[in-house]
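Peer 1:
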Amino acid sequence: MTTTKRCSWCERDALYRAYHDEEWGRPIHDDRRLFELLVLESFQAGLSWYTILAKREGFRAALDGFDYRLIAAYDDAKVEALMQDTRIVRNRLKILATIQNAALFMEIQQEFGSFSEFIWAFVGGSPCVNHPRKLEDVPASNQTSDAIAAELKRRGFKFFGTTVAYAFMQSAGLVNDHIEDCAFKYPD
């Protein structure tokens, strides 16, 4: 029986393997999906990605399918309801940041035509394909994530430092960090 070689970080269970095989490192240009990843990565700050991934469907349900237009209009009652929702990470500062980030996300859309146009400009419109030989060769941040984090901070985004920005780049396919012998290193 032949086993498929994957990046070692995803071998925890089927949820992680599916995320690795079907999403991680694949370029995303759809603004709604990019916003979803922006939210999830922001909630990850200080937590494990697995924790967030396991609650992804709960976030989707609680946050109106990651509809940034609806989220930007959330009021205090909605914040309080979210603080009681066990399907998500109940962190008031991150919830408030999500609301603020949704409004700022729409400002970027207005300015650039789409968030995708804005974010992909940081990598010249094409994914950066790295060639790490082992997991330890994958950085936690780089100059591009520094630039993204700085620009989003300048615009008022919260919970989006350089490490979160780099994780976002990986999840949205702006960078491909699959290890050299991973069967998924160069997705179609």
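Numbering-wise (my numbering), the sequence shown opens with residue 62 and increments by one. Glycine included, C-beta positions come from ideal geometry on N, C-alpha and C. Small disclaimer: the values here were computed from a predicted structure and weren't measured.
1) May I ask whether a heavy atom of the ligand ATP can be found less than 7 Å away from the beta carbon of G174?
2) Skipping 5 residues on each side, what residues in its chain have a beta carbon closer than 6 Å to that of N191?
3) Within its chain, find whatever has a CB closer than 8 Å to the CB of L196; leave out the 5 residues flanking it on each side and keep chain order.
4) At what residues does the alpha helix (DSSP H) containing E172 begin and finish?
5) Indicate the three-state DSSP secondary structure (helix, strand or coil) for C68 in the structure shown.
6) Give me the residue from T112, F218, R130 with the minimum Cα distance to R73.
7) Thinking just about the alpha-carbon of each residue, which of R94, L114, H90, I89 is nearest to the one in Y80?
8) Where does V199 sit, in a helix, a strand or coil, going by DSSP?
Peer 2: Reading off the structure:
1) Among the components of this structure there are no ligands whatsoever, and the ligand ATP is therefore not found.
2) These residues qualify, in order along the chain: D238.
3) Same-chain partners within the cutoff: C68, S69, W70, I240.
4) Per DSSP, E172 belongs to the alpha helix (DSSP H) from 153-173.
5) Coil, per DSSP.
6) The closest CA to that of R73, considering only T112, F218, R130, is found on T112.
7) In terms of Cα proximity to Y80, the closest of R94, L114, H90, I89 is L114.
8) Reduced to three states, the DSSP call for V199 is coil.
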